[in-house]
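Engineer: Position 449, counted from 1, in the sequence shown is what my numbering calls 632; the numbers after and before it change by one each time, with no gaps.
Supplied in structure tokens, the structure appears directly below.
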Amino acid sequence: MLASEPALASTDAFGAGVTAGLDDGPALFFEDHAEISLFERRGDASLQYRALLLAGEGDLVLVGGGRSPAFEAYCREVLELGAARVIALEPVPRGAGQDSLAQRCARDADALATVVETARRHGRLNVVPYIGMGHAWALAGRIAMQSGARVRVAAPPPRLTRRVNDKLWFASCVQQLLGRAALPPSHHAFGPAALAGRVAALARRHARVVIKVPDSAGSAGNLVLEAETLRGLRLRVLRRRLLRLLGNLGWNAGFPLMVGVWDCAVLGSPSVQLWIPRREAGPPLVEGVFDQVVEGSGGEFVGALPSVVPPAWRQRLADEAMQLALLFQRLGYFGRCSFDAVLAGEAFDTAALHWIECNGRWGGTSIPMTLANRLIGDWARRTLMIVQRANLTNPARELSEALHSLRGLLFRRRSTDTGVVLLTPGGLERGTGLHFLLLSRDAAELSDQAAALERLFGPPGAD
């Protein structure tokens, strides 16, 4: 693979002082989805404050608009995560397009000066982006050039980042490493005619068909189709319908697309969370296997819990994920990574393990898991649940009022090792969503916490 694409792990374009890795010293954290196809259309800018959950004393955090002083105080005083400095960039004018946070920081003289001065003062800086796309690496290069400091980026090189997050590329890796049976039936479609032909062929033999925009994240680029609504359509009619439905997702008319079978009988949607260090530091670390809670026809992520699939399945998931992670490590990958799968079938003893996608980035499970490690030492010491609900219509709340209503439930560092942790402020403040981490001693306490959240704010979105 490296022979066919020698620049796959190259960072030369960003200067000799910029490499993948992590150093001792301060870090610049930011969560930005602008370079992920279709993702930011879903209103996930509210997730930018998750970056603060990873930061600590002396670190810097970029956010893309209005600040939430109450949430910053909560992280500092209740969670005791340290006094990170939040840098709020000027909001983008309505209709002005969508530049990434890294681009905006590079243009914002005051923000960039703050970051450069921090790097210069310490002689080093870590850049920890949500995803290691080109803009994040370009910002790291600019910081290194202006400060003269050594800059490490806690992410894979940008070309490799794009590859691992591409569903078609990942499917090819799975097939070569684990065999064709490790994937649901899937194909490339290189144009509208091929797209219609592939969909029609699969619809004749399967109940549901999915079209995936390969460089989108999660369910954002999934178009799931009931096969019975497609059978018998002329290919010309089917082609027009598919292009219209894809356009409604925000698809930019780019090819190739992935066309595959959507597994209907599913026993679970597990996700394996890993940290992949540099090769000289040792093998990848499997930090946990979680069951994702998904909703809707496209499988939208709304939460996660530690996996309850049988132990033999958890071991197989970890083993196969490790094989993929070792391949990525050899290609030059560094940083956070997760692999999503489904267990397809009616019973565990006859189920098939299908690998669906790689999240070569931070995500909705890895950030709360890492936060739990910071708060209690090891997330596995407690029963936990992640709640991430959007598009709700709850009453808007002042964050201070919401935190006050939670006062008997809140996790408080040093005084308790269980409780409810607020992960982002925006959903509560606007009444549009809920975003919590629940830490409990057992399933009964977890159920009580979820019921209390439902009484206070509406359904927390977990079974």
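Idealized CB from N, CA, C, for every residue including glycine.
Only a predicted model underlies this, so the values are computations on that prediction, with no experimental measurement involved.
Applying the 10 Å Cβ sphere with the 16-neighbour rule, what's the burial state of glutamine 498?
Structural biologist: Exposed.
Engineer: Looking only at C-alpha atoms, which of Ala579, Asp293, Trp352, Lys350 sits nearest to leucine 639?
Structural biologist: The option with the nearest alpha carbon to leucine 639 is Ala579.
Engineer: Quick one: grab the DSSP three-state call for arginine 333.
Structural biologist: Reduced to three states, the DSSP call for arginine 333 is strand.
Engineer: Could you give the residue range of the alpha helix (DSSP H) that holds leucine 554?
Structural biologist: That run of the alpha helix (DSSP H) goes 549-559.
Engineer: Nearest by alpha-carbon distance to alanine 271: which of Leu264, Arg259, Ala285, Cys258 is it?
Structural biologist: The candidate whose alpha carbon is nearest that of alanine 271 is Ala285.
Engineer: Using 8 Å for Cβ pairs, my map puts glycine 515 next to leucine 343. What's the rounded Cβ distance?
Structural biologist: So it is a contact: roughly 6 Å between Cβ atoms.
Engineer: Exposed or buried, valine 392, counting other C-beta atoms within 10 Å across all chains shown (16 or more means buried)?
Structural biologist: It is buried - the Cβ of valine 392 has at least 16 other Cβ atoms within 10 Å.
Engineer: Kindly examine the ligand ZN and report whether one of its heavy atoms sits closer than 7 Å to the Cβ of arginine 462.
Structural biologist: The ligand ZN is absent from the structure shown, which contains no ligand whatsoever.
Engineer: Are valine 485 and valine 476 closer than 8 Å when you measure CB to CB?
Structural biologist: Cβ atoms of valine 485 and valine 476: closer than 8 Å.
Engineer: Counting only runs that start and end within the segment 471-548, where is the alpha helix (DSSP H) found for 4 or more residues in a row?
Structural biologist: Taking only runs of at least 4 residues, the alpha helix (DSSP H) segments lying wholly in the segment 471-548 are 494-514.
Engineer: Find out if the Cβ-Cβ distance for the pair leucine 582, proline 608 is shorter than 8 Å.
Structural biologist: Cβ atoms of leucine 582 and proline 608: closer than 8 Å.
Engineer: Let me check one thing: in DSSP terms, what residues is valine 572 bridge-paired to?
Structural biologist: It should be noted that the sequence gives arginine, not valine, for residue 572. Leu617, per the DSSP bridge assignment.
Engineer: Would you mind listing the beta strand (DSSP E) stretches within the segment 430-473 that are 3+ residues and don't spill past its ends, in chain order?
Structural biologist: Complete beta strand (DSSP E) runs here, min 3: 440-444, 449-451, 453-459.
Engineer: Go to leucine 406, then tell me how far its beta strand (DSSP E) extends in each direction, as first and last residue.
Structural biologist: Element bounds for leucine 406: 405-409.
Engineer: Could you give the residue range of the alpha helix (DSSP H) that holds histidine 305?
Structural biologist: Looking at the DSSP string, the run of the alpha helix (DSSP H) that includes histidine 305 is 292-305.
Engineer: From the beta carbon of glycine 249, is the nearest beta carbon of chain C less than 8 Å away?
Structural biologist: You won't find chain C in this structure, because it holds only one protein chain.
Engineer: Which first and last residues belong to the alpha helix (DSSP H) in which glycine 380 is found?
Structural biologist: Taken as a continuous stretch (DSSP letters only), the alpha helix (DSSP H) holding glycine 380 covers 375-386.
Engineer: Over the uninterrupted beta strand (DSSP E) stretch that includes alanine 210, give me the two end residues.
Structural biologist: Here the beta strand (DSSP E) through alanine 210 covers 210-213.
Engineer: Alpha carbon to alpha carbon, what distance is there between aspartate 242 and tryptophan 458?
Structural biologist: If I take the Cα positions, the gap works out to 21 Å.
Engineer: Just to confirm the assignment, what range does the beta strand (DSSP E) spanning valine 396 have?
Structural biologist: Valine 396 -> no beta strand (DSSP E), and no H or E assigned at all.
Engineer: Starting from the C-beta of glycine 324, find all residues in its chain whose C-beta is less than 6 Å away, skip the five residues before and the five after it, and write them out in chain order.
Structural biologist: Closer than 6 Å at the Cβ level, and outside the excluded window around glycine 324, lie Phe197, Gly198, Val201.
Engineer: Reducing DSSP to helix, strand and coil, say where alanine 338 ends up.
Structural biologist: The answer is coil: DSSP assigns alanine 338 none of H, G, I, E or B.
Engineer: If you follow the beta strand (DSSP E) that alanine 271 is part of, which residue opens it and which one closes it?
Structural biologist: Unbroken beta strand (DSSP E) run through alanine 271: 268-271.
Engineer: Should cysteine 541 be labelled buried (16 or more other beta-carbon atoms within 10 Å of its own) or exposed?
Structural biologist: Cysteine 541 is buried by the Cβ-count criterion.
Engineer: Over what stretch of residues does the alpha helix (DSSP H) that includes alanine 372 continue unbroken?
Structural biologist: Note, alanine 372: premise wrong, no alpha helix (DSSP H); beta strand (DSSP E) at 369-372.
Engineer: The beta strand (DSSP E) spanning valine 357 covers which residue range?
Structural biologist: Note, valine 357: premise wrong, no beta strand (DSSP E); alpha helix (DSSP H) at 350-361.
Engineer: Could you give the distance in angstroms between the alpha-carbon of alanine 501 and the alpha-carbon of valine 469?
Structural biologist: Between alanine 501 and valine 469, the C-alpha separation is close to 7 Å.
Engineer: Bridge partners of arginine 391, per DSSP?
Structural biologist: Bridge partners of arginine 391: Glu409.
Engineer: So what's threonine 344 in DSSP terms, helix, strand or just coil?
Structural biologist: Threonine 344 falls in the helix class under three-state DSSP.
Engineer: Closest to isoleucine 559 by CA distance: which of Gln231, Arg259, Ser549, Arg596 is it?
Structural biologist: Isoleucine 559 has its Cα closest to that of Arg596, out of Gln231, Arg259, Ser549, Arg596.
Engineer: Any idea if proline 340 is buried or exposed, counting beta-carbon neighbours within 10 angstroms, 16 or more meaning buried?
Structural biologist: So proline 340 ends up on the buried side.
Engineer: Mind checking histidine 216: buried by the 16 CB within 10 Å criterion, or exposed?
Structural biologist: Label assigned to histidine 216: buried.
Engineer: Alpha carbon to alpha carbon, how far is isoleucine 539 from aspartate 523?
Structural biologist: When rounded, the distance between both Cα atoms is 6 Å.
Engineer: With distance defined between alpha-carbon atoms, name the residue in Gly547, Gly616, Ala256 nearest to leucine 575.
Structural biologist: Nearest C-alpha to leucine 575: Gly616.
Engineer: Would you kindly work out how many angstroms separate the C-alpha atoms of alanine 377 and asparagine 348, rounded to a whole number?
Structural biologist: In a straight line, the C-alpha of alanine 377 is about 23 Å away from that of asparagine 348.
Engineer: State yes or no: is the C-beta of alanine 534 within less than 8 Å of the C-beta of leucine 450?
Structural biologist: Against a cut-off of 8 Å, the Cβ pair of leucine 450 and alanine 534 comes out as a contact.
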